[in-house]
Amino acid sequence: VHLVFSDEADREDFKRGMRMFHPTVPENSWTAVVANANRAQLKALGMNPDGDVKQILASWKKWFGIAHLMDLGDEAPVYGLMLDAEVMLYSVTDCGPNSPWYKLFTRIQQLEASGTFPVSQVSKNATFMGEEHGCGYDRGIIKRNADWVTPGGLNCLRKCMDRGCKEVAEQIDLCRFSWWTDIPYVNLAFASRMFAHLTSRQWQKRMGGIYGYKPLDSDGCEVQGPDRHKLLMQRIRFPMFEYICYQQWCVLNEGFSFRDVTSVSGLAKWGSYLEDPLPGSRLADLHPIWVSAETVVASERGRIKRLTEDKPPLIIFHVDHDGHRFNVEHYVKLWKPVVGGRK
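One gets this note's numbering by counting positions in the sequence shown from 1 and adding 73 to each.
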């Protein structure tokens, strides 16, 4: 398990808390990855360190974790998972060798072998944050990711007649949101090819112009060595909702497709249909590898089709959204004195 920390202070807080609250967990059971996204780094990528850059920084940290895995060379895994910290096992009592948990790798392989990413259309009626409707907000996110990952940006995307280009353009037009519709796995071989594109002179020049920073006048191939991908990260500013750009890269370049599951999942209010499913949703029939706290509660209360036991989810995300139900309020109280005012 590789855990990404913002800086050394974050890592030390975590180590101290683990020794206090979970002394039986050995430190060699997890690896700390320190991103060190400091003020100078943020400025170099055209960001205001004193502004609201939380989501951009979160995207950068997750991709830094993927870069770290790619730099492991022969020891690198096949996949990396870009998860938030607020996750827990779906079943905390059934995790032995014959349990569903031990099928995580196999299920990710099966998901990738399908060559598809599940998507659903976003409602034009439900509002986001009480103002803009969900589709309007999400379409902006989809467009920014597509502009970011497509060579030449949206102008080229609309002119391109390749199947992948048409699918990404249709994703924008039909407001098909793909972020966190299942576990956000990344094939490291695909990510390496994506990094080669992102560090090219052409991409750097275009992104520098968009975000207002001075790009480095060199190609990624000129950076070599054991920490190559982490060094390349220093010149890449990722968009919010970072997994969408990876999915779009796979549709544009790796033969993948978007699979519209709206008839099963129902419309998404905003974001992923897994985050806050509409009443009557049959998303259980999709057998997602992970689900949100809201989905679990909706399943338990009969608002949506009950999650299956024969092929259950393995991970729950956003458990902090219902701290009482998932017993995380207790841990928040324990850890708060350890981390102090740090976020």
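Beta carbons: idealized from backbone N, C-alpha and C, even for Gly.
Please report the straight-line C-alpha distance between E373 and H397, rounded to a whole angstrom.
As a position in the sequence shown, residue 373 is number 300, starting the count at 1. As a position in the sequence shown, residue 397 is number 324, starting the count at 1. Using only the alpha carbons, I get a separation of about 15 Å.
Assuming the contact rule is C-beta atoms closer than 8 Å, R332 and P191 should be a hit. Round their C-beta distance to whole Å, please.
Numbered from its first residue, the sequence shown carries residue 332 at position 259. Numbered from its first residue, the sequence shown carries residue 191 at position 118. Indeed they touch by this definition, with Cβ atoms about 5 Å apart.
Nearest to L130 (by Cα), restricted to the options M143, E85, E159 and D80:
The residue you call residue 130 lines up with position 57 of the sequence shown. Ranking M143, E85, E159 and D80 by Cα distance to L130 puts D80 first.
Coil, strand or helix - D333 by DSSP
In the sequence shown, the residue the question calls residue 333 occupies position 260. Looking at D333 - three-state DSSP - the assignment turns out to be strand.
Which of helix, strand or coil does DSSP assign to H302?
The residue you call residue 302 lines up with position 229 of the sequence shown. Three-state DSSP puts H302 in a helix.
For G237, which residues from the same chain have a beta carbon less than 6 Å from its beta carbon, with the 5 sequence-adjacent residues on both sides left out?
Within the sequence shown, residue 237 is the residue found at index 164, counting from 1. For G237, the CB contacts under 6 Å within the same chain, skipping 5 residues up- and downstream, are V324 and L325 in chain order.
On the criterion of 16 or more Cβ atoms from any shown chain inside 10 Å, does Y319 qualify as buried, or is it exposed?
Taking the sequence shown and counting its residues from 1, the one referred to as residue 319 is at position 246. Classification of Y319: buried, given that the 10 Å Cβ count is 16 or more.
If you follow the alpha helix (DSSP H) that Q183 is in, where does it begin and where does it stop?
Here residue 183 is taken as the residue at index 110 of the sequence shown, counted from 1. Per DSSP, Q183 belongs to the alpha helix (DSSP H) from L177 to A186.
Any idea which residues DSSP pairs Y258 with across the strands?
Along the sequence shown, one-based indexing puts residue 258 at 185. According to DSSP, Y258 bridges with L154.
Straight-line gap, G169 to A149 (C-alpha atoms, nearest Å)
Taking the first residue of the sequence shown as position 1, residue 169 is located at position 96. Taking the first residue of the sequence shown as position 1, residue 149 is located at position 76. Counting only the Cα atoms, A149 lies some 25 Å from G169.
Quick check: the stretch 364–372 against the stretch 265–282, are there 3 or more CB pairs under 8 Å?
The stretch 364–372 makes no contact with the stretch 265–282; the number of CB pairs closer than 8 Å stays below 3.
Would you kindly report the start and end of the unbroken alpha helix (DSSP H) that includes A105?
For the purposes of this step, residue 105 is taken as residue 32 along the sequence shown, with counting starting at 1. Counting along the chain, no alpha helix (DSSP H) covers A105; the unbroken beta strand (DSSP E) around it starts and ends at T104 to V107.
So, under 8 Å CB-CB, S193 and F250 are touching, yes? Tell me the CB distance rounded to an integer number of Å.
Along the sequence shown, one-based indexing puts residue 193 at 120. Along the sequence shown, one-based indexing puts residue 250 at 177. Yes, S193 and F250 are in contact; Cβ-Cβ is about 7 Å, under 8 Å.
With a threshold of 6 Å (Cβ to nearest heavy atom), would G281 be considered close to the ligand FMN?
The ligand FMN is not part of this structure, which contains no ligands at all.
Which partner residues does M161 have in the DSSP bridge list?
Sequence index remark: in the sequence shown, residue 161 carries index 88 (1-based). I389, per the DSSP bridge assignment.
I need the DSSP call for R249, collapsed to helix, strand or coil.
Residue mapping note: residue 249 aligns to position 176 of the sequence shown, counting from 1. Under the three-state reduction of DSSP, R249 is assigned to strand.
Return the bridge partner residues of P191 from the DSSP annotation.
Here the question's residue 191 lines up with position 118 in the sequence shown. DSSP lists R332 as partners of P191.
The stretch 247–264 touching the stretch 151–159, judged by at least three CB pairs closer than 8 Å
Because the criterion of three Cβ pairs below 8 Å is met, the stretch 247–264 and the stretch 151–159 touch.
Taking the straight line between their C-alpha atoms, what separation do you get for D300 and D86?
Here residue 300 refers to the residue found at position 227 when the sequence shown is read from its first residue. Here residue 86 refers to the residue found at position 13 when the sequence shown is read from its first residue. When rounded, the distance between both Cα atoms is 25 Å.
Give me the Cα-Cα distance between G226 and G209, rounded to the nearest whole angstrom.
One-based indexing of the sequence shown puts residue 226 at position 153. One-based indexing of the sequence shown puts residue 209 at position 136. When rounded, the distance between both Cα atoms is 20 Å.
Please name the residue, chosen from D235, R212 and W322, that lies closest to Q244 on a Cα-to-Cα basis.
Locating residue 244 in the sequence shown gives position 171, counting from the first residue. Closest in alpha carbon position to Q244, among D235, R212 and W322, is R212.
At the level of alpha carbons, what is the spacing between N376 and L247?
On the sequence shown, position 303 is the one that residue 376 refers to. On the sequence shown, position 174 is the one that residue 247 refers to. Strictly speaking, residue 376 in this sequence is Arg, with Asn absent from that position. Each residue's CA atom was taken as its position, placing R376 and L247 some 26 Å apart.
V160 beta carbon less than 7 Å from that of F314
Within the sequence shown, residue 314 is the residue found at index 241, counting from 1. Within the sequence shown, residue 160 is the residue found at index 87, counting from 1. Against a cut-off of 7 Å, the Cβ pair of V160 and F314 comes out as no contact.
Thinking C-alpha only, which one of F399, H302, L340 and L347 is nearest K197?
Stepping through the sequence shown from its first residue, residue 197 is reached at position 124. The residue with the shortest Cα to Cα distance from K197 is L340.
By DSSP, does H270 sit in helix, in strand, or in coil?
For this step, residue 270 is matched to residue 197 along the sequence shown. In this structure, DSSP gives H270 a helical state, which the three-state scheme calls helix.
Looking at N218: is its Cβ nearer than 7 Å to the Cβ of I283?
What you label residue 218 is simply residue 145 of the sequence shown in a count that begins at 1. What you label residue 283 is simply residue 210 of the sequence shown in a count that begins at 1. Not a contact, by the Cβ cut-off of 7 Å.
Helix, strand or coil: how does DSSP classify H360 here?
Sequence index remark: in the sequence shown, residue 360 carries index 287 (1-based). In the structure shown, H360 sits in coil (DSSP, three-state: anything other than H, G, I, E or B).
Since W174 contacts L184 with CB under 8 Å, what's their CB separation in whole angstroms?
Counted from its first residue, the sequence shown places residue 174 at position 101. Counted from its first residue, the sequence shown places residue 184 at position 111. In this structure W174 is not in contact with L184, their Cβ atoms being roughly 16 Å apart against a cut-off of 8 Å.
Just to confirm, are P385 and V364 a CB contact at a threshold of 7 Å?
The residue given as residue 385 occupies position 312 in the sequence shown. The residue given as residue 364 occupies position 291 in the sequence shown. Not in contact: P385 and V364 (Cβ atoms no closer than 7 Å).
Closer than 8 Å is the cut-off here; do at least three beta carbon pairs connect the stretch 111–122 with the stretch 81–100?
Taking a cut-off of 8 Å on C-beta distances, the stretch 111–122 does not touch the stretch 81–100, as fewer than three cross pairs fall below it.
Got a sec, what are the start and stop residues for the beta strand (DSSP E) V77 sits in?
Taking the sequence shown and counting its residues from 1, the one referred to as residue 77 is at position 4. First-last of the beta strand (DSSP E) with V77: H75 to F78.
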